[in-house]
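Input: a single structure, listed below in structure tokens.
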Amino acid sequence: MSSLSKGLRRVQVTLRWDPSPVGATATDLDIVAAAYLADAPHGKPAYLVHFGSRSPDGTITLNRDSRTGQGFGADEVMTLELDRLSEGYARVVVGVVIQQRAGEQTFSDIKNTGVRILEGPVELANDDLSAVPDATAATVAEFTRDTAGSWQLRTGIRGFAADPAEFAELMGSAPS
Ligand SMILES: [Ca+2]
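Here the sequence shown stands for residues 1 to 176, numbered as in the UniProt record's numbering.
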């Protein structure tokens, strides 16, 4: 075991997208995090964090929420204080979901998406959602606690055809 690998401590996930054209209904994407307990890492989430739901212990926070994608830089920002999560939690999955009040939209309808994962000034991942054009939601990051207790990141985009409520139930499932 390398003593240099201390694991992740405080991570930010940022999301950006271009607003829909003038006259079209606004496009609303949301960052969602789901925390899982060690005894059910792929089961039902212990809790969810999104624009309408906070983490019970304040360790995962949505700092910025956008309903349109307008403005410069990151439209949504979530902070995960992994080193403060209680030992009962073994896994946190972060995803992006399209709110469907404007009708059925997929990522192919949304221009210039961008997802970045940062720890302080260090960029851990930088991707977009173009790999899953037919999806309405996607997981973008998986944080797991290893046997030494350190948090590790697994990146990769996995698309889902699910509404926000269905996605919340499915986002932690093991890949089929
Ligand atoms: Ca939003």
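Just so you know, even glycine gets a beta-carbon here, dropped at the ideal spot from N, CA and C.
query: Identify the continuous beta strand (DSSP E) that holds Phe160 and give its terminal residues.; result: Trp151 to Phe160
query: CA-CA distance, Ala90 and Pro56?; result: 16 angstroms
query: Taking the continuous alpha helix (DSSP H) assigned at Phe143, which residues delimit it?; result: It is not in any alpha helix (DSSP H) - Phe143 instead sits in the beta strand (DSSP E) that spans Ala137 to Arg145.
query: Which whole-angstrom value is the C-beta distance of Leu80 and Phe167, which I expect to be below 8 angstroms?; result: Not quite, the Cβ-Cβ distance comes to about 18 angstroms (not below 8 angstroms), so this is no contact.
query: Under DSSP, the beta strand (DSSP E) around Glu169 begins and ends at which residues?; result: Counting along the chain, Glu169 falls outside any beta strand (DSSP E), though it belongs to the alpha helix (DSSP H) covering Pro164 to Leu170.
query: According to DSSP, which residues form a beta bridge with Gln12?; result: Thr79 and Leu118
query: Could you compute how far the alpha carbon of Pro41 sits from the alpha carbon of Pro121?; result: 29 angstroms
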